[in-house]
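J.:
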Amino acid sequence: MSIEWLESYKIGNAEIDASQKELFELTNQIADCEDWMALRPMIVSLFKQLEQQFELEEALMTKVAFPGAQAHAEDHLHLLTRLRDRSMDVGKGHMNKKAIVGVMTDWAHRHVANLDAELAQYLAVWA
Numbered sequence: 512m513s514i515e516w517l518e519s520y521k522i523g524n525a526e527i528d529a530s531q532k533e534l535f536e537l538t539n540q541i542a543d544c545e546d547w548m549a550l551r552p553m554i555v556s557l558f559k560q561l562e563q564q565f566e567l568e569e570a571l572m573t574k575v576a577f578p579g580a581q582a583h584a585e586d587h588l589h590l591l592t593r594l595r596d597r598s599m600d601v602g603k604g605h606m607n608k609k610a611i612v613g614v615m616t617d618w619a620h621r622h623v624a625n626l627d628a629e630l631a632q633y634l635a636v637w638a
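Just so you know, the sequence shown maps onto residues 512 to 638 in my numbering.
1. Does the beta-carbon distance from Val612 to Ile522 come in below 9 Å?
2. Which one of Met553, Ala549 and Asp586 has the shortest CA to CA distance from Glu566?
3. Exposed or buried, which one is Glu568 when buried takes at least 16 other CB atoms within 10 Å?
4. Could you tell me which whole alpha helix (DSSP H) segments of length 4 or greater appear in the segment 516-602?
5. For Arg593, I'd like the list of residues in its chain whose CB is within less than 6 Å of its CB, leaving aside the five on either flank, ordered along the chain.
6. Please confirm whether Leu534 and Met553 have their CB atoms less than 9 Å apart.
7. So that I know if they touch, is there some Cβ in chain C lying closer than 9 Å to that of Trp637?
This is the structure in structure tokens:
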């Protein structure tokens, strides 16, 4: 299973857009990887990059006084918690790649496609 980056996912901030595209690519690399030894550092990188992505988005939402910022940030926390829990399983020797990819698929299909789209619409008017 892979997730597809679409140009329509861009929110209009070059740094955030590039970071988001990289997250799609890393998720797909994890989904395709069969080398269990290579997966652990990839999953650690995924968590760190997602956390940084969310920090960038939240700083931007604060800067532009985005009215949906609180709900958006709460969803970030929920996604990070889910991913952290799955990542902790890896640290305990339980490799559930499918669950990790599932969290990221939810992020792509629900969060990016809806919540980030709302932010993009706001930014287009704000700019």
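Note that CB positions come from ideal geometry on N, CA and C, so glycine has one too.
T.: According to the structure data:
1. Position 101 of the sequence shown, counting from 1, holds the residue named residue 612. Position 11 of the sequence shown, counting from 1, holds the residue named residue 522. Val612 is not a Cβ neighbour of Ile522, given a cutoff of 9 Å.
2. Residue 566 sits at position 55 when you count from the first residue of the sequence shown. Nearest C-alpha to Glu566 among Met553, Ala549 and Asp586: Asp586.
3. Reading the sequence shown from its first residue, position 57 is the one you call residue 568. Buried, by the Cβ-count rule.
4. Complete alpha helix (DSSP H) runs here, min 4: 525-543, 547-574 and 580-602.
5. Within the sequence shown, numbered from 1, the residue matching residue 593 stands at position 82. Val614.
6. Residue numbering aside, residue 534 sits at position 23 when the sequence shown is read from its first letter. Residue numbering aside, residue 553 sits at position 42 when the sequence shown is read from its first letter. Pairing Leu534 with Met553 gives a Cβ-Cβ distance that is not under 9 Å.
7. Looking for chain C here will not work: only one protein chain is present.
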